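Be aware that the sequence shown starts at 313, since it is given in my numbering, and climbs by one per residue. Just so it is clear, CB atoms sit at the ideal spot from N, CA and C, and this is done for glycine as well. Just so we're clear, the structure is a prediction, and the values are computed from it rather than from any experiment.
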Amino acid sequence: MNPKNIRKVVNIINGIPTTDGAGVELVRVIGQSALMELDPFLLLDAFRSDNPDDYIGGFPAHPHRGFETVTYLLNGRMRHKDNTGNEGIIAAGSVQWMTAGKGIIHSEMPEQENGLLEGFQLWINLPKSHKMTSPQYQEYDNDSIPTEDRNNASIKVISGKTSHGTQGPVEQPLTAPLYFDIQLEANTTLTETLPHEHNAFVYVIKGEVTLLDEKNEIVSIKRDQLAILTKGESLTLTANDQSTQFLLIAGKPLNEPIARGGPFVMNTQDEIQQAFSDYQNGQL
Ligand code: FE2
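This is how it looks when you write it as C-alpha cells:
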C-alpha cells in the first residue's frame, strides 16, 4: 500500500477532568483548549464513576441547536426527556443519536441511585444547510447494534461500515460518521480501513493501544487519551500484553465556520444570539 494511505498519529490529547450539568464529574476530551474541535466533532465527554455524588445531579433541562448529540452508555441507565413529549431510558450498550437541528430542550438524568455509570457523549456538527432541520432521534438498544467478531477482536458498529461489511444502524449521510467500539485481545493487531478524507480519532477506554506516528515511531495511547490520526485509508492498532478497548470514530469534515455559544453551535455569532433569544422567547 502507498505509505500515504496509512493513517498515523498526529497528536495525543489528554482528557481534562471537569464538571458539567448539575455537578457531573466527567473527562472532556474534545471541546477543551488542547482540542476545541476535530471537524465535524465538537465535543467528546467521557463519564465513568461508581460514586453517585459524581453523577446523581445529572443534566437537568437545557437546550441545543445546530448539531447532534450522541449518547452511548457502557454501564448504567439514563432517563431522557424532551419538551416535545419524548421520554425514554438509555440502558447499558444502547445509543441515543439525537439530531437537535433547530432546537430541542431536554434533560438527561441518571436512572440509578448507585452503581457504575459509564459512557460517552459526542457532539457532531451539522452543515449550515441542515442546522435548522427538525429534531430527530435514532435510538438503538444493545441487541440492535451488531458486533463483528474476528479471531482476536470484536467491533461493535454503531454507525458506518467495517471493512468486513458489518453495517451500523445509525444513518447520517451529512457527515457519514463511523462509530466503532472495539475490543482487541492482548498481543494482537487489528487493521481496519476508513474513508480517506474523514477526520478520525482513537479514544482508549481500557488498557493501551500502540500505533505509528508520523516519524514511524511506535506511540502508546492509554486510557482517557485520544489520538488524532492523519488522513488515509488504513489503520493498524496493536494491543500490548493486556486486552484493550477503544473507540474508533471518524467523520467527513464540514469545513464551515464554527460559532459556539454554550449549548448552541452555529456558523456565526448572530445566529448564536438568535438561538439565545429564541430560547428565552420559548421559540426553540
Ligand atoms: Fe444535552
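Expected contact under 8 Å - CB spacing of residue i and residue j to nearest Å
i	j	result
E568	N552	Their Cβ separation, rounded to whole angstroms, is 39 Å, which puts E568 and N552 out of contact at 8 Å.
L434	F359	L434 to F359, Cβ: 12 Å. No contact.
R462	E423	About 34 Å; that fails the 8 Å criterion.
L541	K320	7 Å
A498	Q537	Incorrect: roughly 19 Å between the Cβ atoms, too far for contact.
D366	V407	Not quite, the Cβ-Cβ distance comes to about 22 Å (not below 8 Å), so this is no contact.
Per-residue burial, residue i [other beta carbons within 10 Å of its own, 16 or more giving buried]
i	result
N437	buried
S471	buried
S441	exposed
T556	buried
I530	exposed
M421	buried
G431	buried
H508	exposed
V322	exposed
D362	exposed
P575	buried
N426	exposed
G594	exposed
Q592	exposed
D357	buried
K316	exposed
CB contact check: residue i to chain C, cutoff 8 Å
i	result
P375	As a matter of chain content, chain C is missing from the structure shown, which is built from one protein chain.
C-beta contact flag for residue i and residue j at 8 Å
i	j	result
P352	G415	no
A412	P372	no
P489	G563	yes
V482	W409	yes
I386	V577	In the sequence as presented, Ile is not what sits at residue 386; that position holds Leu. No. Outside cutoff.
I402	T383	yes
Y452	N398	no
L547	F492	no
L486	P439	yes
S466	E504	no
K534	V516	yes
T522	T550	yes
Residues that residue i bridges to, as DSSP identifies them
i	result
L523	V531
D461	S466
N499	Paired residue(s): none; N499 is not in a bridge.
K473	Q479
K518	Q557
Q344	L347
H392	G400 and E420
E328	Residue identity differs from the one stated: residue 328 is Ile in this sequence, not Glu. Note: I328 sits in a beta bridge opposite R340.
F588	None, per the DSSP bridge assignment.
P489	Paired residues: none, contrary to the question.
Around ligand 1, which residues pass a check of Cβ closer than 6 Å to any of its heavy atoms? Residues flagged by the Cβ proximity filter: F371, H374, H376, T381, H418 and E420.
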